[in-house]
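Here is the structure we will look at, set down as structure tokens.
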Amino acid sequence: MMKPDPATVVALQNLIVGKWLSQALSVAAKLGIADLLGEGPRVCDDLAQQSGADPSSLYRVLRALAGVGVFKEVESRRFELTPMAGLLRSGVPGSLRAVAIMAGEDWTWRPWGKLEHSVRTGERGFDAVFGMPPFEYLPANPEAAAVFDAAMTGWSMHNAAAVAQAYDFSGIGTLMDVGGGHGFLLATILKANPSLRGVLFEMPTVCEGARSLLAAEGLSDRTRVAAGSFFEPIGERADACILKSVIHDWDDAQSTTILRHCREAVGPRGRVLLAEMVIPPGNGPDFGKLLDLEMLVVAGGRERTEAEYRGLLAGAGLRMTRVVRTASPSCVIESVVA
Ligand SMILES: C[S@@+](CC[C@H](N)C(=O)[O-])C[C@H]1O[C@@H](n2cnc3c(N)ncnc32)[C@H](O)[C@@H]1O
Numbered sequence: 004m005m006k007p008d009p010a011t012v013v014a015l016q017n018l019i020v021g022k023w024l025s026q027a028l029s030v031a032a033k034l035g036i037a038d039l040l041g042e043g044p045r046v047c048d049d050l051a052q053q054s055g056a057d058p059s060s061l062y063r064v065l066r067a068l069a070g071v072g073v074f075k076e077v078e079s080r081r082f083e084l085t086p087m088a089g090l091l092r093s094g095v096p097g098s099l100r101a102v103a104i105m106a107g108e109d110w111t112w113r114p115w116g117k118l119e120h121s122v123r124t125g126e127r128g129f130d131a132v133f134g135m136p137p138f139e140y141l142p143a144n145p146e147a148a149a150v151f152d153a154a155m156t157g158w159s160m161h162n163a164a165a166v167a168q169a170y171d172f173s174g175i176g177t178l179m180d181v182g183g184g185h186g187f188l189l190a191t192i193l194k195a196n197p198s199l200r201g202v203l204f205e206m207p208t209v210c211e212g213a214r215s216l217l218a219a220e221g222l223s224d225r226t227r228v229a230a231g232s233f234f235e236p237i238g239e240r241a242d243a244c245i246l247k248s249v250i251h252d253w254d255d256a257q258s259t260t261i262l263r264h265c266r267e268a269v270g271p272r273g274r275v276l277l278a279e280m281v282i283p284p285g286n287g288p289d290f291g292k293l294l295d296l297e298m299l300v301v302a303g304g305r306e307r308t309e310a311e312y313r314g315l316l317a318g319a320g321l322r323m324t325r326v327v328r329t330a331s332p333s334c335v336i337e338s339v340v341a
């Protein structure tokens, strides 16, 4: 056999140990290290004392992360933020701190250990660990749910404006964000379209957080938060429904049920809009192809191609009319009642 190319070995090795970095980032995020560095560089012992960590172990984590461009050791054991580390701060626009914390949480970490089980059986790994589906686990575990909801808002900060800008919402009177989380997308769309009114439809346990976010955005009088399950008929009406990163959580049969309920909610002349990553053809790198694995082990859904979305919508009595690309990885998949 030919001697392997050293660059190939390094590249593969770095991929194989991806979980080491994922967990290191998650721990640094959980300890709030980036927030502690917000005012400028600090020595590791100081960071350890403030975050309740062992100085030597924390140093090893920060040194490893500095080696990949997250944090920078400016002098011996003294660290500062880099642009990537800046996104691990809380409360900054586009903060990915909650996303990083979520990546290392027990309830996402352990299901990944069941990837082989998912690949062999086609079953969600989550249930094999926790004995229940994730959207039963989260309402029963408020601390996990708080991390999840914050992570969804964190991710939304990176695509909501692009969705609001790329799609023309002007012909819509009332827009219902179904499974809208804490409402960051709805707030962004409403602020860009001052005559639009919004309904946020969510599981009861998520509604309070949604009301707070919409109130903080000054949108309480243009919005209503409605509690319910999209697996039951949605007792709300709107000109259009939007579902961002919702359908990818579910298998085809469950997705069809949700979409049928949305179709009923918008009436015969309404629109159903999906904001999802659409898997492109070819071998190119694509975040959706990785997120698809998270869907396999944690959520039980899948990322889909354009043709797959067309078929899914058709099965729910909806006709896909176009796919609008945005400046983010999310596309808007527009459909009307068939
Ligand atoms: C992946 S998150 C996406 C949240 C939001 N649309 C976003 O993009 O940030 C999926 C959302 O679906 C909601 N959800 C799950 N099951 C639901 C159900 N049966 N009825 C209504 N909402 C549900 C969850 O609470 C969660 O907020």
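Per our numbering, residue 4 is the first one in the sequence shown, and the count goes up by one each step.
Ideal Cβ positions, reconstructed from N, Cα and C, are used throughout, including at glycine.
Model, not experiment: these values are computed from the prediction.
**Request:** Kindly examine ligand 1 and report whether one of its heavy atoms sits closer than 8 Å to the Cβ of GLU205.
**Result:** By 1-based counting over the sequence shown, the position of residue 205 is 202. Yes, Cβ of GLU205 sits closer than 8 Å to a heavy atom of ligand 1.
**Item:** Range covered by the alpha helix (DSSP H) that runs through ILE261
**Value:** Taking the first residue of the sequence shown as 1, we reach residue 261 at position 258. Unbroken alpha helix (DSSP H) run through ILE261: 255-269.
**Asked** Are SER93 and ASP49 close, meaning C-beta to C-beta below 9 Å?
**Response** Along the sequence shown, read from residue 1 onward, the residue named residue 93 stands at position 90. Along the sequence shown, read from residue 1 onward, the residue named residue 49 stands at position 46. The answer is no: Cβ separation not under 9 Å.
**Message:** Nearest by alpha-carbon distance to LYS33: which of LEU99, ALA10, VAL209 and TYR140 is it?
**Reply:** By one-based count along the sequence shown, residue 33 stands at place 30. The option with the nearest alpha carbon to LYS33 is LEU99.
**Item:** CB contact flag (ALA67, LEU15, <9 Å)
**Value:** Stepping through the sequence shown from its first residue, residue 67 is reached at position 64. Stepping through the sequence shown from its first residue, residue 15 is reached at position 12. Contact flag unset, no.
**Prompt:** At least one CB of chain B closer than 9 Å to the CB of VAL64: is that the case?
**Reply:** Absent here is chain B; the protein component of the structure consists of one chain.
**Asked** Can you give the Cα-Cα distance for GLN26 and SER60, rounded to whole angstroms?
**Response** Here residue 26 refers to the residue found at position 23 when the sequence shown is read from its first residue. Here residue 60 refers to the residue found at position 57 when the sequence shown is read from its first residue. If I take the Cα positions, the gap works out to 14 Å.
**Asked** Beta carbon of PRO249: closer than 8 Å to some heavy atom of ligand 1?
**Response** Residue 249 sits at position 246 when you count from the first residue of the sequence shown. Here the sequence assigns Val to residue 249, which means Pro is not the residue at that position. Yes, since a heavy atom of ligand 1 falls inside the 8 Å radius drawn around the Cβ of VAL249.
**Request:** From the DSSP output, in three-state form, read off ILE19 for me.
**Result:** Walking along the sequence shown from the start, residue 19 turns up at place 16. Looking at ILE19 - three-state DSSP - the assignment turns out to be helix.
**Request:** Have a look at GLY72 and ALA31 and give me their C-alpha separation to the nearest angstrom.
**Result:** Residue numbering aside, residue 72 sits at position 69 when the sequence shown is read from its first letter. Residue numbering aside, residue 31 sits at position 28 when the sequence shown is read from its first letter. Going from the Cα of GLY72 to the Cα of ALA31 covers about 14 Å.
**Message:** Let me check one thing: in DSSP terms, what residues is THR76 bridge-paired to?
**Reply:** Here residue 76 is taken as the residue at index 73 of the sequence shown, counted from 1. Here residue 76 is Glu; the residue named in the question, Thr, does not match the sequence. Answer is PHE82, bridged to GLU76.
**Prompt:** Who are the Cβ neighbours of SER338 in its own chain at under 8 Å, not counting the five residues just before and after it?
**Reply:** Residue numbering aside, residue 338 sits at position 335 when the sequence shown is read from its first letter. Correct list, in chain order: ARG274, VAL275, LEU276, LEU277, LEU316, LEU321, ARG322, MET323 and THR324.
**Item:** DSSP bridge partner residues for ALA230 (one or two, in chain order)
**Value:** The residue you call residue 230 lines up with position 227 of the sequence shown. Per DSSP, GLU205.
**Prompt:** Is the distance from the Cβ of LYS75 to the Cβ of VAL166 below 9 Å?
**Reply:** Translated into the one-based positions of the sequence shown, residue 75 becomes position 72. Translated into the one-based positions of the sequence shown, residue 166 becomes position 163. Not in contact: LYS75 and VAL166 (Cβ atoms no closer than 9 Å).
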